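A.B. asks: Chains as they are written, first to last, in full-length UniProt numbering: chain A, 1 to 334; chain B, 1 to 334.
From the three backbone atoms N, C-alpha and C, an ideal C-beta is built for every residue, glycine too.
Because the structure is a prediction, the values reported are computed rather than measured.
Just dropping this structure here.
Number of protein chains: 2
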Amino acid sequence: MTSRPTIRDVAAHAGVSKSLVSLALRGDPGVRERTRERILLAAEAIGYRSNVLARSLREGRTMLIGVVISSLENPYHTEIVTSVEEAAESAGLSVLLAHGSRDRGKLTGRVESLLDLGLDGLVVVSSWVEPQVLRRAARRAPVVMVGRSERPVPGVDAVNNDDEHGAALAVQHLHATGHTRIAHVGSSYRPAGLARRHGYAAAMRRAGLGAYVRVLDAFVADEGLGTLLARALEDGYDAYFARNDVEALDLIDAADHVAARVPDDLAVVGYDDSALARRSRPRLTSVQQRRELLGRRAVDLLLSRIDGRAEDQHLIMEPRLIVRDSTRPRTDPD
Amino acid sequence: MTSRPTIRDVAAHAGVSKSLVSLALRGDPGVRERTRERILLAAEAIGYRSNVLARSLREGRTMLIGVVISSLENPYHTEIVTSVEEAAESAGLSVLLAHGSRDRGKLTGRVESLLDLGLDGLVVVSSWVEPQVLRRAARRAPVVMVGRSERPVPGVDAVNNDDEHGAALAVQHLHATGHTRIAHVGSSYRPAGLARRHGYAAAMRRAGLGAYVRVLDAFVADEGLGTLLARALEDGYDAYFARNDVEALDLIDAADHVAARVPDDLAVVGYDDSALARRSRPRLTSVQQRRELLGRRAVDLLLSRIDGRAEDQHLIMEPRLIVRDSTRPRTDPD
DNA sequence: CTGAAAGCGCTTACAG
DNA sequence: CTGAAAGCGCTTACAG
């Protein structure tokens, strides 16, 4: 709280010049070991900490990257944040986190203010950031999009989960465990939701189940999920692939209300393999995105861009299926 | 990405001096309106953005505060973060968020690196930050602790939830809905957990139920919660107050395994009123901490400390009980 | 109302 | 190996 000691104070305390202190602190080989030690001790003694602002101003880079997420309430996103942080840390970068509390305008504001800080790069883990905001941002610093944006933005790198394939994994699993009437639960028209829906329909057709394609979309139907489910059950649909874990749990809840049991009466597959999936009853079979990889790759892209790469790069990561209790075990042919 | 325009570029473009640009940008009344407009237009035209680093270096304050949380996975904490942000924003401060992913050493590191950035203040929403780290931090910038730290730290302000009272609310509610054998579920020896346990025991005694005080502590007992619950049910315990929502849901899960129904066979009260409480089955009765207030007060404390307040301040906020389906409705005397 | 100057704390050539 | 100097981009007195 009392005014912070500077390099000049260290110099005075160690009886050397200002610049020598700087050299010693950053381990320049041209400083005699004994001198260096004396300086380090002096710094320690007066509680000196390098002023990051001043250094950044001088160096022209901050060693800071920003991460933007829509909301802290989405565990899938926060896990990606953690993996970005780990990768950043091992590259010597610190991470500043900003979120928009599900508010698009606020999100834009947070992006701008992060950039005003003079970040070295930005990782966006939110499909809600508008393309033109991304575009503008990319003119100020390298930007990597994790997940889909509303549309591809030139100048912005991306690392994506293969949502079509994730949906296919779910459909294949349900099919292999004896189901044919497999419905999709999803009321989102965001990029990821759409990709999963398309992936579902395509996988159904590939499995020869095109005739059974059915989407429970509470938004379009303007009916409760419970009503939609009851009707689907009547029609013999005993398997459901939900757009994410939350919708999967909502479905299980609805099933409970009509006394249908999971997985005996209906099988359910979620998406995201979130903490919810692991702790729900029954534990949820779910498509898992490789979060730790997504984060690491995002930082890689940032670093190579900072190093001067000019062309855009888009990475696609393959998800995998985690089987738990909300679907039947695989039926061995006998 | 091309080198950022500076105040000097704006000056050249508008045909005025560097300092005039600065004055105009910050709305100094001594600049003629027409001139100011011309300068603003010039800034706009060349895409000028003030360099926050340079300004902070000059001004000696960053208008940035840091918020530290243990982990992004705790929704109770992230909601406080959001409320801190809102309060900070209306005071013209930006928030930098750091978390420790449940790792104590990492948490310390994050605190240090935030402070190295020259923050104007720090809000700590984690009981895991060590007292000596808090102490050291408080010498560098104002620090406010939200929630309990392991012990009070001189120089650090605090805003707390009244956990003893929260526990009492739970006990009173269970008692008022016809229960007398009320057990506590909690295996945490962190500050908040201890306070809730003490509050529970005290409230039981005040209600004349001291003889029924019983704690299901899977950690000390070194037995599964299921076993502890089964035994308690045998002993007639039909009401449970859990240290937090997660433990409450674990209990409901355990009850399910022994085919005991909530709230018919046993009533359950959680703590935190997290998103989990709202979406579980049955919806959980839970003690709610006033998150939005906690955040606002924390920022108030920071601001008054920045303004020079010297003495420490500790605020205590009262929680309230949110009644849902995991406890019986209040029994009207008839 | 306007311009030249100093300085925030740091790092990096550049002479010694 | 060491010291004096310039400059990162900004703001604020201080003269005009």
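Using alpha carbons as the reference points, say which of B:54, B:185, B:302, B:321 lies closest to residue 58 of chain A.
C.D. replies: Of B:54, B:185, B:302, B:321, the residue nearest in Cα terms is B:54.
A.B. asks: Leaving out the 5 sequence neighbours to the left and right, which residues in its chain are closer than 7 Å to residue 274 of chain A when beta-carbon positions are compared?
C.D. replies: Around residue 274 of chain A: 75, 76, 245.
A.B. asks: Kindly provide the ranges of any beta strand (DSSP E) runs that are 3 or more residues long and lie completely inside the segment 35-71 of chain B, ordered along the chain.
C.D. replies: Runs of the beta strand (DSSP E) inside the segment 35-71 of chain B: 64-69.
A.B. asks: Answer yes or no: does any C-beta atom of chain B fall closer than 8 Å to that of residue 97 of chain A?
C.D. replies: Yes, residue 97 of chain A counts as interfacial toward chain B.
A.B. asks: For the beta strand (DSSP E) holding residue 121 of chain B, just list the boundary residues, first then last.
C.D. replies: Here the beta strand (DSSP E) through residue 121 of chain B covers 121-125.
A.B. asks: Pull up the DSSP beta-bridge partners for residue 91 of chain B, would you.
C.D. replies: Residue 91 of chain B pairs with nothing; no bridge assigned.
A.B. asks: Could you confirm whether any beta carbon from chain B is found closer than 8 Å to the beta carbon of residue 54 of chain A?
C.D. replies: For residue 54 of chain A, the answer is yes, since a Cβ of chain B falls inside 8 Å of its Cβ.
A.B. asks: Give me the residue from A:109, A:170, A:193 with the minimum Cα distance to residue 147 of chain A.
C.D. replies: With distances taken between Cα atoms, residue 147 of chain A lies closest to A:193.
A.B. asks: Can you have a look at residue 335 of chain B and say buried or exposed, based on whether 16 or more other CB atoms are within 10 angstroms of its CB?
C.D. replies: Since the first and last residues shown for chain B are 1 and 334, residue 335 of chain B lies out of range.
A.B. asks: Residues of chain A with CB under 9 Å from residue 51 of chain B, in chain order?
C.D. replies: Near residue 51 of chain B (Cβ distances below 9 Å), the residues of chain A are 57, 116, 118.
A.B. asks: Against chain A, does residue 283 of chain B count as a neighbour if the rule is that its beta carbon must be under 8 Å from one of theirs?
C.D. replies: No, residue 283 of chain B lies away from the interface with chain A (no Cβ there is under 8 Å from its Cβ).
A.B. asks: Could you check if residue 189 of chain B is buried or exposed, using at least 16 other CB atoms within 10 Å of its CB as the buried criterion?
C.D. replies: Residue 189 of chain B comes out exposed.
A.B. asks: Would you call the segment 290-305 of chain A and the segment 64-83 of chain A in contact, with 3 or more CB pairs under 8 Å?
C.D. replies: Counting Cβ pairs under 8 Å, three or more are found: they touch.
A.B. asks: Here's the rule: buried if 16 or more other CB atoms are within 10 angstroms of the residue's CB, otherwise exposed. What is residue 3 of chain A?
C.D. replies: Under this definition residue 3 of chain A is an exposed residue.
A.B. asks: Could you tell me how far apart the beta carbons of residue 16 of chain A and residue 39 of chain A are, in whole angstroms, since I believe they sit closer than 8 Å?
C.D. replies: That pair is a contact at about 7 Å.
A.B. asks: To the nearest angstrom, how far is the alpha carbon of residue 224 of chain B from that of residue 218 of chain B?
C.D. replies: Spanning the two alpha carbons is a distance of roughly 6 Å.
A.B. asks: Skipping 5 residues on each side, what residues in its chain have a beta carbon closer than 8 Å to that of residue 338 of chain A?
C.D. replies: The shown model of chain A, from 1 to 334, leaves out residue 338 of chain A, and the question about it has no answer.
A.B. asks: Checking contacts by CB at 8 Å: is residue 253 of chain B closer than that to chain A?
C.D. replies: Yes, its Cβ sits closer than 8 Å to a Cβ of chain A.
A.B. asks: Starting from residue 359 of chain A, find everything on chain B with Cβ-Cβ shorter than 7 Å and list it in chain order.
C.D. replies: A query on residue 359 of chain A cannot be resolved here, the shown segment of chain A reaching from 1 to 334 and no further.
A.B. asks: From which residue to which residue does the beta strand (DSSP E) around residue 285 of chain B run?
C.D. replies: From DSSP, the beta strand (DSSP E) with residue 285 of chain B extends over 285-288.
A.B. asks: Tell me, please, whether the CB atom of residue 272 of chain B is closer than 8 Å to any CB atom in chain A?
C.D. replies: Closer than 8 Å: no.
A.B. asks: With 16 as the cutoff for other CB atoms within 10 Å, does residue 289 of chain A come out buried or exposed?
C.D. replies: Per the 10 Å Cβ criterion, buried.
A.B. asks: Going by CA-CA distance only, name the one from B:197, B:106, B:89 that's closest to residue 90 of chain A.
C.D. replies: Looking at the Cα atoms, B:106 is the closest of the given residues.
A.B. asks: Quick check on DSSP: helix, strand or coil for residue 197 of chain B?
C.D. replies: Helix at residue 197 of chain B.
A.B. asks: Are the C-beta atoms of residue 220 of chain A and some chain B residue less than 8 Å apart?
C.D. replies: So, not an interface residue.
A.B. asks: Comparing the C-beta of residue 19 of chain A with each C-beta of chain B, is any distance below 8 Å?
C.D. replies: Chain B contact via Cβ: absent.
A.B. asks: Check residue 179 of chain B in the structure and name its three-state DSSP category.
C.D. replies: Correct three-state label for residue 179 of chain B: coil.
A.B. asks: Compute the Euclidean distance between the alpha carbons of residue 129 of chain A and residue 104 of chain A, then round it to the nearest angstrom.
C.D. replies: Cα to Cα, residue 129 of chain A sits roughly 7 Å from residue 104 of chain A.
A.B. asks: Can you give the Cα-Cα distance for residue 161 of chain B and residue 25 of chain A, rounded to whole angstroms?
C.D. replies: Approximately 44 Å, taken between the alpha carbons.
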